[in-house]
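**Q** Please see the structure below; I have some questions.
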Amino acid sequence: MDPSDKARTGTAAAQYLTFRLGNETYGLNILRVKEIRGWTPVTGIPQSPPHVLGILNLRGAVVPVIDLRRRFELASADFTPVTVVIVLSLQVPKGGTRECGVVVDSVSDVVDLDPSAIRPAPALNGHSLANFILGVAESDDRMVMLMDIEGLLQQDLAAAVERTEAA
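Read in order, the letters of the sequence shown are residues -10 to 156 in the numbering used here.
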């Protein structure tokens, strides 16, 4: 299935949490969001990819934290009082769910999007993130890129599960 078809299936409006990375607005399905928390330093993991900042303890659960700026290969930015970690509950490749945190510049709001309002993502000529954009929608005079967050973080989640099982 084409990634943009995933966002346009169904007839009921879906809710998306919108957030900012630099000047761009992104959205992810609100049903994947477990909580939003302010930025706090994490415990680093040696020899992790640069976009894996480390882990945090979330009420006894060890949660990997991914910097989406680094994952998207965007310019780095200082963490500010509005920088947040969105804690997600995602399907893992081997079945089940896994919590994962993603660091974003700020959270905007929750928007209702009708599937008919979601347009296919533009062709990005082989860009590594092209497969993870479900579509594009307009909300409050801004373009929102809807993400396939599970697809984007699949390798990171698989690695996190392997590290947990090895421990």
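Cβ coordinates follow ideal geometry from the N, Cα and C atoms, glycine included.
Please report how far the alpha carbon of R58 lies from the alpha carbon of A1, in whole angstroms.
**A** If I take the Cα positions, the gap works out to 31 Å.
**Q** Does M136 pass the burial test, meaning 16 or more other C-beta atoms within 10 Å, or should it be called exposed?
**A** Buried, by the Cβ-count rule.
**Q** Measure from the C-beta of H40 to each C-beta in chain B and report whether the shortest distance is under 8 Å.
**A** Of the chains in the structure shown, none is chain B; there is only one protein chain.
**Q** In the DSSP output, what is T86 paired with across the bridge?
**A** Paired residue(s): Q80.
**Q** Could you check where the beta strand (DSSP E) with R60 kicks off and where it finishes?
**A** It is not in any beta strand (DSSP E) - R60 instead sits in the alpha helix (DSSP H) that spans L57 to R60.
**Q** Mind checking whether I75 and I25 have CB atoms under 8 Å apart?
**A** Against a cut-off of 8 Å, the Cβ pair of I25 and I75 comes out as a contact.
**Q** In whole angstroms, what is the alpha-carbon distance linking I138 and E127?
**A** Answer to the nearest angstrom: the Cα atoms are 19 Å apart.
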